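Visitor: Heads up: the sequence lines are chains S and B, in that order.
Residue numbers for the first sequence, in the UniProt record's numbering: 1 to 499.
Residue numbers for the second sequence, in the UniProt record's numbering: 1 to 499.
Using N, Cα and C, we set each Cβ at its ideal position, and we do this for glycine too.
No experiment lies behind these values; they were computed from the predicted model shown.
Number of protein chains: 2
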Amino acid sequence: MSRPQTQEQAVDSEGDSSLYRRDEEGTQSSHRMLGFSDALLSIIATVMILPVTHTEISPEQQFDKSIQKLLATRIAVYLMTFLIVTVAWAAHTRLFQVVGKIDDTLALLNLACMMTITLLPYTFSLMVTFPDVPLGIFLFCMCVIAIGSVQALIVGYAFHFPHLLSPQIQHSTYRAQFRRHILRLVLRGPALCFVAAVFSLFFFPLSYVLMVTVIFLPHISKATTWCKDKLMGHRESPAHNLEPFSIDLHAPLSKERVEAFSDGVYAIVATLLILDICEDNVPDPKDVQEKFSGSLVTALGAYGPQFLAYFGSFATVGLLWFAHHSLFLHVRKATQTMGLLNILSLAFVGGLPLAYQQTSAFAQQPRDELERVRVSCAIIFFASIFQFAIWTAALLHQTETLQPAVRFGGQEHAFMFAKLALYPCASLLAFAATCLLSRFSTAIFHLMQIAVPFAFLLLRLVVRLALAGLQVLWDLRPQHPQPGQGDPEAQSQLLPAPC
Amino acid sequence: MSRPQTQEQAVDSEGDSSLYRRDEEGTQSSHRMLGFSDALLSIIATVMILPVTHTEISPEQQFDKSIQKLLATRIAVYLMTFLIVTVAWAAHTRLFQVVGKIDDTLALLNLACMMTITLLPYTFSLMVTFPDVPLGIFLFCMCVIAIGSVQALIVGYAFHFPHLLSPQIQHSTYRAQFRRHILRLVLRGPALCFVAAVFSLFFFPLSYVLMVTVIFLPHISKATTWCKDKLMGHRESPAHNLEPFSIDLHAPLSKERVEAFSDGVYAIVATLLILDICEDNVPDPKDVQEKFSGSLVTALGAYGPQFLAYFGSFATVGLLWFAHHSLFLHVRKATQTMGLLNILSLAFVGGLPLAYQQTSAFAQQPRDELERVRVSCAIIFFASIFQFAIWTAALLHQTETLQPAVRFGGQEHAFMFAKLALYPCASLLAFAATCLLSRFSTAIFHLMQIAVPFAFLLLRLVVRLALAGLQVLWDLRPQHPQPGQGDPEAQSQLLPAPC
Numbered sequence: 001m002s003r004p005q006t007q008e009q010a011v012d013s014e015g016d017s018s019l020y021r022r023d024e025e026g027t028q029s030s031h032r033m034l035g036f037s038d039a040l041l042s043i044i045a046t047v048m049i050l051p052v053t054h055t056e057i058s059p060e061q062q063f064d065k066s067i068q069k070l071l072a073t074r075i076a077v078y079l080m081t082f083l084i085v086t087v088a089w090a091a092h093t094r095l096f097q098v099v100g101k102i103d104d105t106l107a108l109l110n111l112a113c114m115m116t117i118t119l120l121p122y123t124f125s126l127m128v129t130f131p132d133v134p135l136g137i138f139l140f141c142m143c144v145i146a147i148g149s150v151q152a153l154i155v156g157y158a159f160h161f162p163h164l165l166s167p168q169i170q171h172s173t174y175r176a177q178f179r180r181h182i183l184r185l186v187l188r189g190p191a192l193c194f195v196a197a198v199f200s201l202f203f204f205p206l207s208y209v210l211m212v213t214v215i216f217l218p219h220i221s222k223a224t225t226w227c228k229d230k231l232m233g234h235r236e237s238p239a240h241n242l243e244p245f246s247i248d249l250h251a252p253l254s255k256e257r258v259e260a261f262s263d264g265v266y267a268i269v270a271t272l273l274i275l276d277i278c279e280d281n282v283p284d285p286k287d288v289q290e291k292f293s294g295s296l297v298t299a300l301g302a303y304g305p306q307f308l309a310y311f312g313s314f315a316t317v318g319l320l321w322f323a324h325h326s327l328f329l330h331v332r333k334a335t336q337t338m339g340l341l342n343i344l345s346l347a348f349v350g351g352l353p354l355a356y357q358q359t360s361a362f363a364q365q366p367r368d369e370l371e372r373v374r375v376s377c378a379i380i381f382f383a384s385i386f387q388f389a390i391w392t393a394a395l396l397h398q399t400e401t402l403q404p405a406v407r408f409g410g411q412e413h414a415f416m417f418a419k420l421a422l423y424p425c426a427s428l429l430a431f432a433a434t435c436l437l438s439r440f441s442t443a444i445f446h447l448m449q450i451a452v453p454f455a456f457l458l459l460r461l462v463v464r465l466a467l468a469g470l471q472v473l474w475d476l477r478p479q480h481p482q483p484g485q486g487d488p489e490a491q492s493q494l495l496p497a498p499c
Numbered sequence: 001m002s003r004p005q006t007q008e009q010a011v012d013s014e015g016d017s018s019l020y021r022r023d024e025e026g027t028q029s030s031h032r033m034l035g036f037s038d039a040l041l042s043i044i045a046t047v048m049i050l051p052v053t054h055t056e057i058s059p060e061q062q063f064d065k066s067i068q069k070l071l072a073t074r075i076a077v078y079l080m081t082f083l084i085v086t087v088a089w090a091a092h093t094r095l096f097q098v099v100g101k102i103d104d105t106l107a108l109l110n111l112a113c114m115m116t117i118t119l120l121p122y123t124f125s126l127m128v129t130f131p132d133v134p135l136g137i138f139l140f141c142m143c144v145i146a147i148g149s150v151q152a153l154i155v156g157y158a159f160h161f162p163h164l165l166s167p168q169i170q171h172s173t174y175r176a177q178f179r180r181h182i183l184r185l186v187l188r189g190p191a192l193c194f195v196a197a198v199f200s201l202f203f204f205p206l207s208y209v210l211m212v213t214v215i216f217l218p219h220i221s222k223a224t225t226w227c228k229d230k231l232m233g234h235r236e237s238p239a240h241n242l243e244p245f246s247i248d249l250h251a252p253l254s255k256e257r258v259e260a261f262s263d264g265v266y267a268i269v270a271t272l273l274i275l276d277i278c279e280d281n282v283p284d285p286k287d288v289q290e291k292f293s294g295s296l297v298t299a300l301g302a303y304g305p306q307f308l309a310y311f312g313s314f315a316t317v318g319l320l321w322f323a324h325h326s327l328f329l330h331v332r333k334a335t336q337t338m339g340l341l342n343i344l345s346l347a348f349v350g351g352l353p354l355a356y357q358q359t360s361a362f363a364q365q366p367r368d369e370l371e372r373v374r375v376s377c378a379i380i381f382f383a384s385i386f387q388f389a390i391w392t393a394a395l396l397h398q399t400e401t402l403q404p405a406v407r408f409g410g411q412e413h414a415f416m417f418a419k420l421a422l423y424p425c426a427s428l429l430a431f432a433a434t435c436l437l438s439r440f441s442t443a444i445f446h447l448m449q450i451a452v453p454f455a456f457l458l459l460r461l462v463v464r465l466a467l468a469g470l471q472v473l474w475d476l477r478p479q480h481p482q483p484g485q486g487d488p489e490a491q492s493q494l495l496p497a498p499c
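(1) May I ask which residues mark the beginning and end of the alpha helix (DSSP H) holding Val404 (chain B)?
(2) Could you compute how far the alpha carbon of Val209 (chain S) sits from the alpha carbon of Leu447 (chain S)?
(3) Should Pro205 (chain S) be labelled buried (16 or more other beta-carbon atoms within 10 Å of its own) or exposed?
(4) Do the CB positions of Pro51 (chain B) and Glu279 (chain S) come within less than 9 Å of each other?
(5) Spatial neighbours of Asp38 (chain B) within its chain, please: CB distance less than 7 Å, with the 5 preceding and 5 following residues excluded, ordered by chain position.
(6) Please confirm whether any heavy atom of the ligand MN lies closer than 8 Å to the CB of Leu296 (chain B).
(7) Do the CB positions of Ser427 (chain S) and Ile380 (chain S) come within less than 9 Å of each other?
(8) Distance, Cα to Cα, Val214 (chain B) vs His181 (chain B)?
(9) Going along chain B, which residues have a C-beta under 7 Å from Thr129 (chain S)?
(10) Residues in the region 88-113 of chain B with C-beta within 8 Å of chain S's C-beta atoms, listed in sequence order?
(11) When DSSP labels each residue in this structure, what does Val282 (chain B) get in the three-state scheme?
(12) Return the residue from the list B:Ser254, B:Cys193, B:Pro134 and B:Ser172 that minimises the CA-CA distance to Phe202 (chain B).
(13) Could you give the C-beta distance for Gln398 (chain B) and Ala405 (chain B), rounded to a whole number, given that I count them as a contact under 8 Å?
(14) Could you spell out the range, first to last residue, of the alpha helix (DSSP H) harbouring Ala432 (chain B)?
(15) Under three-state DSSP, which class holds Ala158 (chain B)?
(16) Going along chain S, which residues have a C-beta under 8 Å from Phe36 (chain B)?
(17) Is Gly350 (chain S) close to chain B, meaning its C-beta is less than 9 Å from at least one C-beta of that chain?
(18) Please confirm if residue 509 (chain B) has its CB atom under 9 Å from at least one CB of chain S.
(19) Our contact map puts Ile154 (chain S) next to Leu95 (chain S) with C-beta atoms below 8 Å; I'd like the distance itself, whole angstroms only.
(20) Give me the chain S residues within the contact set of residue 505 (chain B), using Cβ-Cβ distance strictly less than 8 Å, ordered along the chain.
(21) For the region 376-391 of chain S against the region 328-345 of chain S, do three or more pairs of beta-carbon atoms, one drawn from each stretch, fall closer than 8 Å, so that the two count as touching?
(22) Check whether the Cβ atoms of Thr434 (chain B) and Met338 (chain B) sit closer than 9 Å, and answer yes or no.
(23) Could you tell me the distance, in whole angstroms, from the CA atom of Trp226 (chain S) to the CA atom of Phe216 (chain S)?
(24) Bridge partners for Ala334 (chain B) per DSSP, in chain order?
(25) Between which residues of its own chain and Thr46 (chain B) is the CB-CB distance below 7 Å, once the five residues before and five after are set aside?
(26) Within 10 angstroms of its Cβ, does Ile450 (chain B) collect 16 or more other Cβ (buried), or is it exposed?
(27) Ordered along the chain, which non-local residues of its own chain (more than five positions away) have a Cβ less than 7 Å from that of Ala309 (chain B)?
(28) What does Ser313 (chain S) reach in chain B if we use C-beta pairs closer than 9 Å?
(29) Taking C-beta pairs closer than 9 Å, name the residues in chain B that Pro51 (chain S) reaches, listed in chain order.
(30) Would Gln306 (chain S) and Asn281 (chain S) be called neighbours here (beta carbons separated by less than 9 Å)?
(31) Are any of the Cβ atoms in chain B nearer than 9 Å to that of Ala260 (chain S)?
(32) Assuming the contact rule is C-beta atoms closer than 8 Å, Cys143 (chain S) and Thr123 (chain S) should be a hit. Round their C-beta distance to whole Å, please.
(33) If distances are taken between C-alpha atoms only, which option among S:Gln403, S:Ala76 and S:Ile444 comes closest to Leu370 (chain S)?
(34) With 16 as the cutoff for other CB atoms within 10 Å, does Pro424 (chain S) come out buried or exposed?
(35) Per the DSSP calculation, Ile102 (chain S) is bridged to which residue(s)?
(36) Mind listing which residues of the region 133-148 of chain S have their C-beta closer than 8 Å to chain B's C-betas, in chain order?
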């Protein structure tokens, strides 16, 4: 759903004072604030991968139980943070589909909301470090209640000054009902958390159950609605009965905000890597003098594998962004399923710094390199296969979700298929190759990382050649025209190109 | 200058297939790619503050020469990185004012350009750690040459397929001249760097001089043009003679991209802080058992000052963003001077994690707290005073740069003044107070950080009251109507409100 102010913004940005107007004192377009919130949330979601990659495994120390436990703990914190932040982001998106414009007070309330969200990773760290102490879950519940209260304040404020609402609701006769409906949605999670906070004082395992419920609430409520529909026969939801525009959980996500959030994740993942390079890979002047007899070039040569791993990782992140960008250029609406698949893909993209750390550790511990290469291949595979799944999900409802060019039979269909299938195929191939040629696993992995960018550059050419080849094969076949057979040109377009 | 595709994008995002069109195969709007580049560049510019804040000063160790040198080194790397990345960002902005649309090849070339830019911080680290070895400067020059080559490729490609150019150039009869002019601009820096790279092999001090020239090239060339104009009398620049649209260095910056870059810096600064909290302030289970007899709440109590500092810093970053956001809502065009002041402001905003680290270190080393509070106040003061300077610079050319509401006499003028003057005044006041009451410096600083957000919430009210007070004072004066005297209402609006 495109936000209604887009058109007006474009007019505003022309900078023509005759077109410049503000309906009420201090009312502003919410565009930039939403972009800033997306950037903040995507960074908070991803930044918890850093403690995972900073887990030091010194060469003397065995990869023993305590290290394994620490690593598992940190990965759990990362995944939980990613999940809860994406849930908060989705709620934020819904909220600002209702609130179309902002003023200073709403901007400040939004900042307060963001600040509370940044505390969630800390409560997870506490929970995971002290699983037997209920303080972590208690603080988590307090944060969720605080976020809910601020969001309820935002809703109350916006309905008190209706010119801030999106035009559909502003001119609706059912505004009071909408307000109740939205407040119920916003306060549902905090209410559960209040119960969880009370239980955390005397029987905290139940609190954890309630917390999981809060996180999966949107999906649970979607599943129950779906089951109810199946059991009792399909019927219109009550909100639909009121009028065509409804704030239910099945509405498509705002495509712009999905893009902005994804961009934030890709950008932070790509640049976290340079930080590690700058902090760890500048040799110590004393070492250079003693070990490398003063030759800086030789000293840097020792870091060769790290640099190679950095280039490979940056290229991987960049090209995954490129595939995402190409896909969303052709997406018209993002459904809930596509949003969920996108978040799963991003969670693995956030794991790429871990893949970098794994591959750059070759130099220190060559004996584990097979496992490290496989972990990296798996992360890349899952990040890219979920991207592919977004496209598959979009194709299921292609008339609603996709632009004509990439639908079945569209001129860009085969090309888009090849673009999205490149990384899953390459990482799977690399994984398989390490099984057969385990001695050359590092070489295979680096070869893959270097070859894929060139494959992307030549992709259009390769796809054309493949399609032409298929066409020639088709023409060479003995002609037996069948009734109802389609145009051979369209047929060959339908066939996926080999990747 | 608003990018010409904005209008078309707005139409595209409606998702109506009848409005969906692509002029040539694979041509795309560059909007999302530019946003992604802005996010990447802003993160690279800011992330080098982390090594500064991670400089550990243990309580036993004195704040001695070696630590001072290390800290100075790291601050130098941060500032140099920030400077060079903003120069690269400005060049990127100019380039994509010429190239209006992109295709897959340009998107991939842009990614290659971004990857090379991420290596610049590393070359600075090398330069600063090994000032006597010319390898750092040599690598820096190689990077700049690589960036220049990729940008030249982008220009060449775009002029080869003119439908990718911005409409003004596309339909211009002087396209070949434009191409030469832009290529000269793009390759000027790399050419100087090539000379610097050659000199680095036998006389590297000259290389450093050339490097500084490259960084300040845009400003130097602006200054020389200005001096020439003054000495020889004002004359039109040759590009202006060709036709009204010119790609010279005096053209205003794209407002959208200034906003996107600034948002990236604010977002990363706000969230870097939570990372430190999560990594350092989760107590060790063993410590809790031994030192605090198993009470987690007591253990967390010891981190109280850090949490207070975190809230204060997040609020400061958030409110500085808020002031920036309010200002740019009313900006129509960003001039070169405003862009430079914005970058200076952002460089100090990037220093805020240092302020956080300084204030959160109170708990460990109470003896240095006076210096730490003063450093923090100074960073906040400079970050906010440069924001104020942006507004002052905009007011000098207010008809071109500002919306009517905030010009002299506009209805929002006094309010905007108060918003932008709040942080400079508060930090200056806190600094002065620490001089008088040095024993209470921590309390004063925390009081300031907590009071300012409330001041922002009540600002509109306070400004109204102040204006009403001024009005009353004006009315109480004996009436001596003078010829040519303006409307008293407008006069009182002109007066700055007390902050």
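Guide: This is what the structure gives:
(1) It should be noted that the sequence gives Pro, not Val, for residue 404 (chain B). From DSSP, Pro404 (chain B) is part of no alpha helix (DSSP H); its letter is neither H nor E.
(2) The alpha-carbon atoms of Val209 (chain S) and Leu447 (chain S) are separated by roughly 46 Å.
(3) exposed
(4) yes
(5) Arg257, Ala260, Phe261 and Gly264
(6) Annotation note on the ligand MN: not contained in the displayed structure, which lists no ligands.
(7) yes
(8) 18 Å
(9) Residues of chain B passing the Cβ test: Val282 and Pro285.
(10) Asp104, Thr105, Ala107, Leu108 and Leu111
(11) DSSP, read as helix, strand or coil, puts Val282 (chain B) in coil.
(12) B:Pro134
(13) Rounded, the Cβ-Cβ distance is 11 Å, inconsistent with contact.
(14) Its alpha helix (DSSP H) spans residues His413 to Leu436.
(15) Helix at Ala158 (chain B).
(16) Asp263, Tyr266, Ala267, Trp321 and His325
(17) no
(18) Nothing can be reported for residue 509 (chain B), as the shown portion of chain B is limited to 1 through 499.
(19) 7 Å
(20) Past the edges of chain B, shown from 1 to 499, lies residue 505 (chain B), and the structure says nothing about it.
(21) yes
(22) For Thr434 (chain B) and Met338 (chain B), no; Cβs fall outside 9 Å.
(23) 15 Å
(24) B:Leu253
(25) Val265, Ile268, Val269 and Gly350
(26) Ile450 (chain B) is exposed by the Cβ-count criterion.
(27) Excluding residues within five positions, the ones whose Cβ falls inside 7 Å are Tyr356, Thr359 and Ser360.
(28) Residues of chain B passing the Cβ test: none, with the nearest at roughly 10 Å.
(29) Within chain B, the C-beta atoms nearer than 9 Å to that of Pro51 (chain S) come from Leu275, Cys278 and Glu279, in chain order.
(30) yes
(31) Closer than 9 Å to some Cβ of chain B, the Cβ of Ala260 (chain S) qualifies, so yes.
(32) 6 Å
(33) S:Ile444
(34) buried
(35) S:Gln28
(36) Val133 and Leu135
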